[in-house]
Structure formats: structure tokens, C-alpha cells
Amino acid sequence: MHTVLIADDEPWVVYGIKSLVDWESLGFALIGEAYNGPSALKAIRECKPEVVISDIRMPGLSGIELLDCIRREGLKTNVILISGYAEFEYAQKAIRLGAFDYLLKQVDKSKLSETLTRLKTSMEENQEAQKELDLFLDDLFDLFEPEHQIKIHNFVSNRGLTGFDFPHFRFISCLYPHVTVSGKGPGEITGAGLKGLRFRTGLNKVSYLLNYDEFHNPSAFLDFISENLSGAESVGISSIGLFSTPIAKLFQESDVALFTSCFVPERRIIGYKAEDCAASLSKTILQLELAVKEQKREHIFKGLEELYGECLDRQLPIDQISTIYNQLVSIIYKYFGGSDNTGEIDYMNYDQIVRHYGSIAQLFDRIKTIFGQQHVEDLLISNETMRKIIEFIDAGYKEDLMLGDISKRFNISIGYLSTLIKKETGKTYTDYVAAKRLNLAKELLGDASLSIQEIVERVGYKDYFYFNKLFKKHFGITPSKYRKM
């Protein structure tokens, strides 16, 4: 059954619509009602109905404003608006904004039935398309794993693709401000001096594999960027590859460059740099650790300033910044693990760093603050407090709940809290949360009406590929293959 919420500021109208048709025979179930815009939005966020039937004029939030909130928040809700003749122009605007349809007051029984039947067909077609996309993304996930060595020429020939006759390849990955439109697998691109494929690789992320001639016609590649990627907030470009280059290598390079661009917003388009600068800074990090061990505050902050300056001057890509960051976190845990002032600090991969810190400056400011704290002994934690900590984690594991958030709430240092969680659960905090999320995902995979992308979001992840990697590592099989069992 597809779930429905009805919103109108006149209760008799809500009652009339509820009584107008046999909802169950049409394949729908009524799950709620609301009598103004704000309460409707609250109910949509909490209940996540598949369909909302709303009056176009409501106090607090109009039907169009409600529709706009639904779209901006990425809620997967179809909207049918009810309007009088006087609001006909508003209804037309709503259709342009993405409403499925509008009905004129008084709502006609046959018109409502016909609209719901069309909507049900549309939703089921979208579900089938999403299942096909899930299967395609599942294959893509394997291909784009760093250890996968399938060459570009094998990828092209295995899929019967033609026209990829130019000598050079690049991957481009782009992040857009809104959710991208899904499609049934890769879309082919053809232009003057260029051939390519378009992949949806995330909720609002698109990647392109482009084939062109860098030596004799580089403008084909540059023209593609200027003509097609103006709407992207951040763009990452791989190095040049050949037919013999592993396709995963180029994708990973474009992904690193993309998240580097996200971390340095003044550089919207960034090309991948293969130079390993992080390794050359290991001496500075070792000197910094020695200063921490010997409690030489002046040398500690001098070392941090040197690292910060090197990251800026060398324009380090985000994967190398991530390596340096995690080395510093390791030092913090080693020497400040008992401090109540470590705050929100945890090991992170490069995409987590981008989401958590707005810039390199913010990252190093946080590191400097922590290194400036004094060591404080932790108090013994009671069994009751430990029970509350686990209950808090169990209630919020589907959210982006950092170990630092829990540390701050219960006034316990991250290092000590990490030890307590490992002792209580037998797992690290990260592993414990991942296991909770993945076990829930395994349950949800039994619901055929849910796409894998929807399940990914419900259990607290945003990136389909990252989820696939964890699921396969945890259960030894991808989600799509598990669903077929």
C-alpha cells in the first residue's frame, strides 16, 4: 500500500476527501491528516508519506511553500494540490515546481480516482527503474573499488560500447546543490572530438568518463566542461588515462579531486595531483610528537603551524590532508586520551573531513585547541551511566552522531569513552554503529517496495558506494545480491 497524508485547514474538507473513494482498493492507505502548513510539514518529516494531498492555501505555509520545502529537503513525497478556480495560476506554478497534479474544488470522485491510479502507475514504474539502477550501481560499485583492476578497454568492450576511438580518457566527478535525476544506467555522450558516459554515482553526484585526444584536440575536453558543468558546485578531474588504465584508478582520482574542491570552495574545479607530499611531512609530525611527549608547548604549536603552512603552500589534495589529520588524531589519543577537553575529534576519511570541517583553517584551529588542553584524569563511570551511553547511541545511530557528540553530552573524554564502549560492546564505536546500521539495512532489504538507495538513507548513510563496501565487508555479499537470495 502507498501511504497518504491529507492536509487542509478545513476539517470537513479532509473528512470529505477521506470518504470520497475506496483508498484500499486503489492501493493506498491513509496514515494521517493535518490542518495547517507547519503541522503538515512536521507530519511529512516524521511519517514520510509517499503521497500528500494538500490545499493550495493554508495558514502558516501554503501548498506551494510546502511543496518547495519537500523538494529542498529531498523528501520522496508526491504532492497533489487542491485549488479553487481563483488559484488556477498558482496550481500551474505548482506543476512547474514538481507537483504531480492538481484537483479543483469541490473534488470530484472520478477525477480523484483517475489521478490516484495514474500516480500509482508512475510510482511503480519509478520503483522498477530504481531497482534497475540499484543493480547497475551494484556492478559499478565493484568496478570503481580501488583494488579493481579492470582496464578501460575491457569495460568498454564488455558492454558493447562503440565509438570510443580516441587515445585518451579522463574521469570527471561533480557535486550538485540538489538531488540529481536518476536514470537506468549510464548515458552516452557524443560531441565534436569527444565520446563519453555519464554515471550517477551519488545522491547529488554525477561522474563522466570522457574519451578524447589530449594532444591534438584538447579543446573538446575543455568545451565539454564549460558547456555542461556550469551548474556543479564542485568538480574533480582525474589524470589522463589510456585504454590500458584501470577504470577504478581514474574514478578514485576524480573523487579525491572533487572532495578537495569541496574543501577549498574558491577552487571550484580541481585536477588530481599524484605527487605524495604527505610522506615528506612525516619528519615534521615526528618532531611534533616528540614536543608533545616532552610537553614543549612552543615547539608543538610551531610544528602545527609548519604543517598548516605546507598544506596551504603545496595545495595538498584532501586524501593527503586526511593522512596528516589522522596521524595527529593518533597523537592526541596517545597523549591526551584521558582529557575531558578533546571534544569532537575522531579518525575520519577524506569525505568525512570535508563534511565535518569547512576549511583547512578550521581543521587546524580545532587541532591546535586540543593540543593546548591540559591532561585531566577521568572519573570512574558507573554502570548506570554506561547503560545510558549505550541507550543514547542505540537511539541515534541512524544520525551523524560523532563520538565527540557523546563525549560532550556525558562529559567524558573521547579516549576514555572509546575504551568504555569497546569494553562494553566488544567493538569500537565505529564498528558498533556500522553493525547496527547494516543489520537494520539487512532487515529493510526484505521490503521489496524500498529501493536500495532509500534503505541507504534510512539507515544513516548518504553515499551508495560507501554503504555497499561496508555491507559486502560485513556480510560477504552486496545488498542487491542479498536481496535476490
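Numbering-wise (numbering that gives the first Met the number 0), the sequence shown opens with residue 0 and increments by one. Virtual Cβ for every residue (Gly too), placed ideally from N, Cα, C.
Which of helix, strand or coil does DSSP assign to residue i?
i: ASP54; result: strand
i: ILE236; result: strand
i: PRO37; result: helix
i: VAL3; result: strand
i: THR189; result: strand
i: SER172; result: strand
i: ALA42; result: helix
i: THR283; result: helix
i: ASP339; result: For ASP339, the predicted structure reports a pLDDT of 46, less than 50, and the residue's modelled location is therefore unreliable. The matter cannot be settled from this model.
i: ILE268; result: strand
i: PRO245; result: strand
i: THR259; result: helix
i: GLU32; result: strand
i: ARG158; result: coil
i: VAL12; result: helix
i: ASP164; result: coil
i: THR200; result: strand
i: ASP100; result: strand
i: LEU134; result: Model confidence at LEU134 stands at a pLDDT of 48, short of 50, so the residue's coordinates are unreliable; what they give is reported in the following sentence. If DSSP states are grouped into helix, strand and coil, LEU134 belongs with the helices.
i: PHE363; result: helix
i: SER229; result: coil
Between residue i and residue j, is the Cβ-Cβ spacing less than 8 Å?
i: VAL3; j: PRO48; result: yes
i: LYS17; j: ILE5; result: yes
i: THR259; j: ILE317; result: yes
i: ILE63; j: VAL51; result: no
i: CYS261; j: LEU174; result: yes
i: ASN61; j: VAL78; result: The displayed chain sequence assigns Ser, not Asn, to residue 61. No, Cβ-Cβ distance for SER61 and VAL78 is not below 8 Å.
i: LEU103; j: SER82; result: yes
i: TYR349; j: SER321; result: yes
i: ARG197; j: VAL234; result: no
i: THR424; j: TYR431; result: yes
i: ILE359; j: CYS310; result: yes
i: ILE236; j: SER225; result: no
i: ALA93; j: ILE55; result: yes
i: GLU265; j: PRO176; result: no
i: VAL155; j: PHE163; result: yes
Rounding to the nearest angstrom, what Cα-Cα distance links residue i and residue j in this structure?
i: HIS298; j: GLY240; result: 44 Å
i: VAL458; j: SER243; result: 38 Å
i: THR189; j: ASN216; result: 15 Å
i: LEU208; j: LYS272; result: 18 Å
i: TYR396; j: PRO166; result: 48 Å
i: ASP67; j: ASN203; result: 18 Å
i: PHE170; j: LYS41; result: 41 Å
i: PHE251; j: ILE149; result: Sequence inspection shows Gln at residue 251; the Phe mentioned does not correspond to that position. Rounded to the nearest angstrom, the two C-alpha atoms are 14 Å apart.
i: LEU402; j: ILE269; result: 32 Å
i: LEU25; j: GLY73; result: 26 Å
i: GLY97; j: LYS75; result: 12 Å
i: ARG482; j: LYS282; result: 49 Å
i: LEU160; j: GLN319; result: 35 Å
i: ILE392; j: THR418; result: 15 Å
i: ILE411; j: ARG95; result: 52 Å
i: GLU390; j: ILE405; result: 11 Å
i: LEU362; j: ILE352; result: 8 Å
i: PHE27; j: ALA39; result: 19 Å
i: THR222; j: GLY15; result: Looking at the sequence provided, one finds Asp at residue 222 rather than Thr. Going from the Cα of ASP222 to the Cα of GLY15 covers about 57 Å.
i: ARG386; j: SER329; result: 27 Å
i: ASP212; j: ASP312; result: 32 Å
i: SER279; j: GLN286; result: 13 Å
i: ASP462; j: LYS472; result: 16 Å
i: VAL205; j: SER172; result: 6 Å
i: LEU439; j: GLY445; result: 10 Å
i: LEU327; j: GLU45; result: 40 Å
i: THR429; j: GLN105; result: 54 Å
i: ASP107; j: PHE168; result: 57 Å
i: LEU65; j: GLN126; result: 24 Å
Alpha carbons only, please: which of the options is nearest the one belonging to residue i?
i: GLU442; options: PHE470, ASP399 and TYR465; result: PHE470
i: ILE369; options: LEU285, LYS333, GLY445 and GLY357; result: LYS333
i: ASN210; options: LYS282, LEU40 and GLY192; result: GLY192
i: ASN382; options: ARG365, GLU187, TYR346 and LYS422; result: LYS422
i: GLU123; options: ILE405, LEU449 and PHE163; result: LEU449
i: GLY475; options: LEU437, LEU142, PRO145 and ILE451; result: LEU437
i: GLY201; options: TYR465, GLY195, GLU23 and SER218; result: TYR465
i: PRO145; options: PRO245, TYR346, GLY186 and ILE224; result: PRO245
i: TRP11; options: GLU32, HIS1 and ASP446; result: GLU32
i: ASN325; options: GLY308, TYR307, THR477 and TYR346; result: TYR346
With 8 Å set as the bound, which would you pick, yes or no: does the beta-carbon of residue i sit closer than that to a beta-carbon of chain C?
i: ALA447; result: Structure shown: chain C not included; a single protein chain is present.
### Query
Residue ranges of each alpha helix (DSSP H) run of no fewer than 4 residues wholly in the segment 383-415, ordered along the chain?
402-409
### Task
Output the residue ranges of the alpha helix (DSSP H) runs that lie fully inside the segment 413-455 and measure 4 residues or longer, sorted by chain position.
413-424 and 428-443
### Task
Pick out the complete beta strand (DSSP E) segments inside the segment 293-330, 3 residues or longer, and give them in chain order.
none
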